[in-house]
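In our numbering, the protein residues as written are 153 to 550.
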């Protein structure tokens, strides 16, 4: 029996140490979802193998004990009692092996949940920096206001110089800030001036492209501006939700430091120490020291314990957040594809190329680069697949 206990202790140590050493032994980097899944799957499979080895060993020992019980039944009471005690100890060890396995599996899943939260939070922060760096609002304001175009300002100045002429009008200050009223007033003033027909035509030709572009694109450009602001706000809300998730997730193991603080102060080691302590309390050492030696503790049904349920519920919340993140990035791609269609719809772009300011090209570049970023950096199709979901529930295919 001492030999069996020694084997059991060694196997239990392997059960808990092996998953922690996998990251160092396994060359797979977990900086990507695919890499994280590979590491995740590797840890779960390794833990299962250790449990199955324990299971098979103990099953053989129990079968041998049953054989001895049948052999000594009604014949040798002392040997029968010894065989019966051995069977009871083996059955208790068998149950503890299953309990150790359950604790190890939920711990692996819980730790991988933290890795997923960290990865998604970095993606969300990347999007936040991207939205902040974009000049959409400024570019749209410039592009949709004809008063920002040199050709249009020149035409206005020329008309202001002709105010002394017959039919010259003064635009009220109230309307000066309205770009379209200003454009309309400038256009009407050019028609009402005493200039010759050729001069009027020349003035009109010079501002034609400005008026055509601003009138055609104003509504669409403002749609882009408002919807980019909507996406930016949605990303901010997703960031707050991720921070709340981390708070609720780590509170289970007694870690109360906010995500942003943990990240900026690189406090992950303290978090993992909290996890180790929490799991240690869950598992115990499998034995209770009593007078006269080490005796088995009555089996605990860890699957139904409060701590186990809390860890299980926490991992499910991570799965729910993954769905929300995926929905947001998919919506972001759709929005920017629509923006690309809008910005490419100006049919007179080639004719008015010299008049359209550089902000239009910058806006087109921002939109295309954002589509690329969403597709290649922020949109993570791997997290939507069944593989990661199965792993989060502790299911692996071997």
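Where a beta carbon is used, it is the ideal one built from N, C-alpha and C, also for glycine.
query, result
"Can you check whether the CB of residue 387 is closer than 8 Å to the CB of residue 553?", "What is shown of the chain runs 153 to 550, which leaves residue 553 out entirely."
"Applying the criterion that 16 or more other CB atoms from any shown protein chain within 10 Å of the CB defines a buried residue, is residue 254 buried or exposed?", "buried"
"According to the Cβ coordinates, are residue 400 and residue 410 closer than 8 Å?", "no"
"Give a yes or no on contact between the region 485–496 and the region 373–392, applying the rule of three or more CB pairs nearer than 8 Å.", "yes"
"Within 10 angstroms of its Cβ, does residue 531 collect 16 or more other Cβ (buried), or is it exposed?", "buried"
"What does the alpha-carbon distance come out to for the pair residue 540 and residue 220?", "47 Å"
"Going by beta carbon distance, what residues of the same chain come within less than 8 Å of residue 393, once the five residues before and after it are set aside?", "473, 476"
"Are residue 195 and residue 260 touching if we call contact CB-CB under 8 Å?", "yes"
"Find the nearest neighbour of residue 365 within the set 298, 395, 200, 381, judged by alpha-carbon distance.", "298"
"Measuring CA to CA, which of 306, 248, 481 is closest to residue 533?", "481"
"Take the Cβ of residue 251 as the centre, count every other Cβ of all protein chains shown within 10 Å, and call the residue buried at 16 or more, exposed below.", "buried"
"Count the other CB atoms, across all protein chains shown, that sit within 10 Å of the CB of residue 248; report buried if there are 16 or more and exposed otherwise.", "buried"
"Do residue 258 and residue 464 have their C-beta atoms closer together than 8 Å?", "yes"
"When DSSP labels each residue in this structure, what does residue 504 get in the three-state scheme?", "coil"
"Starting from the C-beta of residue 380, find all residues in its chain whose C-beta is less than 6 Å away, skip the five residues before and the five after it, and write them out in chain order.", "288"
"Taking the runs of the alpha helix (DSSP H) that are 4 residues or longer, which of them lie wholly in the region 281–305?", "288–296"
"If you reduce the DSSP assignment to three classes, tell me which class residue 467 lands in.", "helix"
"Straight-line CA distance for residue 278 to residue 389?", "14 Å"
"Between the Cα of residue 514 and those of 304, 483, 285, 543, spot the shortest distance and give me the residue it belongs to.", "285"
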